[in-house]
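One gets our numbering by counting positions in the sequence shown from 1 and adding 641 to each. Don't be surprised by glycine CBs; every beta carbon is placed ideally from N, CA and C. I have placed the structure first, in the form of structure tokens, so that the comments after it can refer back to it.
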Amino acid sequence: MDTLEGPVMVIAGPGTGKTQILAMRVANILQKTQAKPRHILALTFTESATANLKKRLISIIGQTGYFVDTFTFHGFCNEIILTFSGKFAFARELEQLTDVEKYQILESIIDRLPLKTLTAFGDKYHYLNDIAKTIVNLKRENISLNKYTEVIQNEEQKLEKLEKINPRTNKPTGKWLEQEKLIKKNLEMRQVYEAYQIELKQRGRYDYEDMLLSVIEKLQTDEELLAIYQEKYLYVLVDEYQDTNSAQNKLVEILTSYWEEPNLFVVGDDDQSIFRFQGASLENLLYFEHKYPRLKKIVLTENYRSVQPILDAASSVISHNQTRLVNTMPGLDKTLLSQVKL
């Protein structure tokens with residue numbers, strides 16, 4: 642990884658050595674620049690990925706690898722909160738919500754709200770898990786109550802533009818009924834979301850997603866705190882970038898916002914999205930390209946895991962998916978070539 646300055650996007654297919662690429666990037670930074678290990682931040686998705694990266698770093702650069710900050714997104718936010726606990730009142734005054742408490746709160750909200758679309762006949766808790774997942778997703782996508790209201794208003798505007806009555810049947814059209822149902826469901830979901838947040842506050846609790854959102858909010862409003870981290874981290878690396886949600890993306894954006902072309906290195910592959918649906922993973926990579934017009938793109942095509950017939954078969958299957966990077970970036974070739982010797 643010879644490109645050290647400016648934004649870089651590495652499109653790395655399966656078996657192409659993503660962990661090795663990240664580790665070599667760090668090694669090159671330390672060898673070829675004046676940066677110290679403490680100036681580098683690497684963000685991953687799972688604790689196992691963090692441990693693997695740290696292990697690889699140590700194998701390449703020795704004990705210095707211990708001093709490179711490698712975190713999961715939530716681990717990094719927790720580190721900020723612990724380091725500057727005086728700036729985060731909720732961490733001192735509130736306790737983290739347990740899963741049992743979460744479902745108790747949601748059940749009590751369902752009991753007292755006059756819900757229709759979010760309950761089923763004979764089983765008012767039928768959609769309980771779906772409601773819990775929706776709240777998690779809303780927070781992960783950094784959608785506040787106010788922003789959720791705007792989303793619903795946009796859907797209402799779409800409804801107004803749809804033809805309501807089918808002239809042949811003199812009944813509401815299927816599209817109109819579907820849109821109306823979506824709006825009703827979102828209006829009820831917003832009620833539940835608001836009641837949930839109020840209940841958390843009253844009980845002195847915060848949930849897992851609130852940790853990241855609170856750090857984002859503090860970095861946006863506390864110039865001193867933001868300056869500390871922007872001065873500290875001169876190089877930022879993000880693994881599995883295709884799976885970052887809006888809140889995680891916002892965190893990275895804020896951390897690197899001081900520079901017009903930050904030293905931001907992301908590794909991802911739209912064909913390997915796990916935590917986000919396909920369209921969202923593609924959106925992440927396209928957003929990154931749009932935000933940094935002078936972006937350096939690198940495609941890894943050498944596969945060290947599978948023989949060529951398996952790679953060809955996998956390529957044939959995935960080629961039927963239209964929401965792929967190769968269909969939106971002219972000239973991009975992600976064809977994997979096996980390096981496995983039989």
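Spatial distance of residue i from residue j (CA atoms)
i: GLN798; j: GLN820; result: 10 Å
i: VAL792; j: GLN838; result: 18 Å
i: GLN672; j: ASN904; result: 16 Å
i: GLN919; j: PHE929; result: Any reading at GLN919 must be qualified, since the residue scores a pLDDT of 39, below 50, and its modelled position is unreliable; no value is offered.
i: SER785; j: GLU850; result: 12 Å
i: ILE751; j: ASN890; result: 32 Å
i: ARG946; j: GLN980; result: 8 Å
i: GLY647; j: ILE939; result: 13 Å
i: HIS767; j: ASN827; result: 17 Å
i: PRO678; j: THR705; result: 7 Å
i: GLN861; j: THR814; result: 45 Å
i: ALA668; j: LYS695; result: 12 Å
i: GLU801; j: THR775; result: 26 Å
i: GLU840; j: TYR744; result: 12 Å
i: ARG753; j: THR657; result: 53 Å
i: THR674; j: LYS825; result: 56 Å
i: LEU878; j: THR760; result: 43 Å
i: GLU872; j: ILE806; result: 60 Å
i: ASN944; j: PRO655; result: 7 Å
i: TYR870; j: LEU735; result: 25 Å
i: LEU818; j: THR758; result: 13 Å
i: CYS718; j: ILE857; result: 9 Å
i: ALA954; j: MET650; result: 26 Å
i: LEU645; j: ILE670; result: 7 Å
i: LYS812; j: ALA836; result: 36 Å
i: GLU864; j: GLY716; result: 22 Å
i: ASN787; j: GLU748; result: 24 Å
i: MET852; j: GLN843; result: 17 Å
i: LYS859; j: PHE731; result: 12 Å
i: ARG935; j: GLY727; result: 40 Å
i: THR739; j: ARG846; result: 9 Å
i: ALA773; j: HIS931; result: 33 Å
Beta-carbon proximity check, residue i vs residue j, cutoff 8 Å
i: LEU866; j: PHE725; result: yes
i: ALA676; j: LEU875; result: yes
i: ASP910; j: ILE652; result: yes
i: LEU896; j: GLU829; result: no
i: ASP643; j: ILE681; result: no
i: LEU779; j: TYR834; result: yes
i: TYR933; j: GLU902; result: yes
i: LEU978; j: THR942; result: yes
i: ILE701; j: MET665; result: yes
i: ARG733; j: TYR789; result: no
i: PHE729; j: ILE722; result: yes
i: ARG781; j: SER887; result: yes
i: PHE712; j: ASP880; result: no
i: ILE662; j: VAL948; result: no
i: LEU823; j: GLU796; result: yes
Local Cβ density within 10 Å of residue i, reported as buried at 16 or more and exposed below that
i: PHE708; result: exposed
i: LYS659; result: buried
i: GLN737; result: exposed
i: GLN794; result: exposed
i: TYR899; result: exposed
i: GLN883; result: buried
i: LEU684; result: buried
i: VAL741; result: exposed
i: SER855; result: buried
i: THR630; result: As shown, the chain starts at 642 and ends at 983. That puts residue 630 outside it, with no answer to give.
i: ASP848; result: buried
i: PHE762; result: exposed
Per DSSP, cross-strand counterpart(s) of residue i
i: ILE652; result: GLY909, VAL940
i: LEU978; result: GLU943
i: TYR847; result: GLN737
i: PRO813; result: ILE806
i: ALA761; result: ASP764
i: ILE681; result: TYR876
Practice item. Enumerate, from N- to C-terminal direction, the unbroken beta strand (DSSP E) stretches of 3 or more residues contained entirely within the stretch 685 to 735. Key: 710 to 713
Exercise for review: With a floor of 4 residues, list each alpha helix (DSSP H) that falls wholly inside the stretch 854 to 913, ordered by position along the chain.
Suggested key: 864 to 873, 887 to 896
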